[in-house]
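Numbering (our numbering), first residue to last: 943 to 1234. What follows is a set of notes on a single structure, which appears directly below.
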């Protein structure tokens, strides 16, 4: 696959304007994405906040490209530790960014037949998303310390899952396992827009090809994010700042992912996972400590 990208940086009232055009080409078809992004003044946010958010996006994207998940957890953890924007606003950024990533992926890759294994998890996941979004709304207004405690605990659990060896099963798990996993993941997705950890753990135990697992995860994330986006819009919980940061995130996600593929760190995969786990553990522990 050949890829090319052009990036132009200008300034407008001391805020960055990014213009990005990139294309990808494969032997079967040619898919070109022309993305022109103008990051306008962030609706009253200071330049330092915008730059800090961009750095958080870059670091979260790198961890995502290494581990296959954890973008949302790393981004939320960093944003919350440094108190850059409210958790609900950061979660909305993740929702929009995840939907763009899923759209671009499924435009190029058709669904594989074995993806049907994830069907039992879909409906419970949607129920969980609705419940999680309600919990987020209630906790944001009544018990912010609990919200930070839950988020920190989820991040720590994800850090542990990165370094725990997962044994592959000889047979596909029963539908009930997928249903329960979908419910738990949906709750996390509704609250923090990060449904990954439970699903990732269960899916990587299955005797399936890596690409099938990847498609199952992306499909579940996308379905949940669509419902979550509709709910936050209908309940007036969607901030215009979230849209601005999502516009900033799209080119950054592409550039960091592309750069990591071309110039990977000279470090073993195991050590890279350990480094990502340390980052998650540090941010999760900081959130837990701040909520006590």
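Ideal Cβ positions, reconstructed from N, Cα and C, are used throughout, including at glycine.
Straight-line gap, residue i to residue j (C-alpha atoms, nearest Å)
i            : j            : result
residue 1015 : residue 1064 : 22 Å
residue 1222 : residue 1214 : 12 Å
residue 1043 : residue 1024 : 26 Å
residue 1062 : residue 1125 : 10 Å
residue 1230 : residue 1220 : 15 Å
residue 996  : residue 1190 : 8 Å
residue 1182 : residue 1163 : 22 Å
residue 1008 : residue 988  : 31 Å
residue 1201 : residue 1004 : 9 Å
residue 1033 : residue 1048 : 22 Å
residue 1218 : residue 1198 : 16 Å
residue 1167 : residue 1161 : 10 Å
residue 1180 : residue 1030 : 9 Å
residue 1159 : residue 1142 : 7 Å
residue 1081 : residue 1175 : 18 Å
residue 1184 : residue 1012 : 19 Å
residue 1228 : residue 1055 : 43 Å
residue 1150 : residue 1123 : 17 Å
residue 1060 : residue 1144 : 11 Å
Residue i classed as buried or exposed, judged by whether at least 16 other C-beta atoms fall within 10 angstroms
i            : result
residue 1140 : buried
residue 1090 : buried
residue 1045 : exposed
residue 1086 : exposed
residue 1173 : buried
residue 1208 : exposed
residue 1212 : exposed
residue 1204 : exposed
residue 1035 : buried
residue 1170 : buried
residue 1105 : exposed
residue 1226 : buried
residue 1102 : exposed
residue 1194 : buried
residue 1051 : exposed
residue 1148 : buried
residue 990  : exposed
residue 1006 : buried
residue 1053 : exposed
Integer Cβ distance of residue i from residue j, believed to fall under 8 Å
i            : j            : result
residue 1038 : residue 1177 : Not a contact, Cβ separation roughly 16 Å.
residue 1070 : residue 1131 : 7 Å
residue 1233 : residue 1165 : Not really, about 31 Å apart at Cβ, beyond 8 Å.
residue 1136 : residue 1018 : 7 Å
residue 1022 : residue 1088 : Incorrect: roughly 13 Å between the Cβ atoms, too far for contact.
residue 1001 : residue 1020 : 7 Å
First and last residue of the uninterrupted alpha helix (DSSP H) at residue i
i            : result
residue 1130 : 1117-1134
residue 1177 : Segment: none, residue 1177 is in no alpha helix (DSSP H) and carries neither H nor E.
residue 1112 : No alpha helix (DSSP H) holds residue 1112; DSSP gives it neither H nor E.
residue 1047 : 1029-1050
residue 1012 : From DSSP, residue 1012 is part of no alpha helix (DSSP H); its letter is neither H nor E.
residue 1139 : 1138-1145
residue 1207 : That residue, residue 1207, is in no alpha helix (DSSP H); it is neither H nor E in DSSP.
residue 1105 : 1086-1105
Exercise for the section: For the region 1105-1117 and the region 1075-1084, state whether three or more C-beta atom pairs, one from each stretch, are separated by less than 8 Å. Expected result: no
Practice task
Count the CB pairs spanning the region 1093-1112 and the region 1151-1159 that are closer than 8 Å, and state whether there are at least three.
Solution key: Too few Cβ pairs lie closer than 8 Å, so no.
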